[in-house]
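Data block below; observations after.
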Amino acid sequence: MTLTQETYGELEEIAARYPEARSGLLPMLHLVQSVEGRITPEGIEACAGILGISAAEVSGVATFYTMY
Numbered sequence: 049m050t051l052t053q054e055t056y057g058e059l060e061e062i063a064a065r066y067p068e069a070r071s072g073l074l075p076m077l078h079l080v081q082s083v084e085g086r087i088t089p090e091g092i093e094a095c096a097g098i099l100g101i102s103a104a105e106v107s108g109v110a111t112f113y114t115m116y
């Protein structure tokens, strides 16, 4: 399954809600999980691209928390 433009827009909206965009990572991961059913590599890449951080950093957060 691929992320839709609508989902990308929602991810960007989440990031824009926070003074420091990276603070939106957890809600962004929740969105990816709700849309995809799991955290996918595409979801990780999308979050990383929007936040301007590496996919490894996003993956590190996603694997640290047991809710993902």
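End of the sequence shown sits at 116 in this note's numbering; the numbers just go up one at a time, nothing left out. All C-beta atoms, glycine included, are put in the ideal place defined by N, C-alpha and C. Since the structure is predicted, the reported quantities are computational estimates derived from the model, not experimental observations.
For a quick check, are the C-beta atoms of residue i and residue j less than 8 Å apart?
{"i": "Ile87", "j": "Ala110", "result": "yes"}
{"i": "Tyr56", "j": "Ala94", "result": "yes"}
{"i": "Ile101", "j": "Arg70", "result": "yes"}
{"i": "Glu58", "j": "Leu79", "result": "yes"}
{"i": "Ile98", "j": "Glu60", "result": "yes"}
Residue i to residue j, Cα distance in whole Å?
{"i": "Pro75", "j": "Ile62", "result": "7 Å"}
{"i": "Thr50", "j": "Gly91", "result": "9 Å"}
{"i": "Glu54", "j": "Gly85", "result": "16 Å"}
Let's test the definition: count the other Cβ atoms within 10 Å of the Cβ of residue i and tell me whether it reaches 16, buried, or not, exposed.
{"i": "Gly72", "result": "buried"}
Note the first and the last residue of the continuous alpha helix (DSSP H) segment covering residue i.
{"i": "Ile62", "result": "Gln53 to Ala64"}
{"i": "Gly108", "result": "Ala103 to Phe112"}
{"i": "Gly91", "result": "Pro89 to Leu99"}
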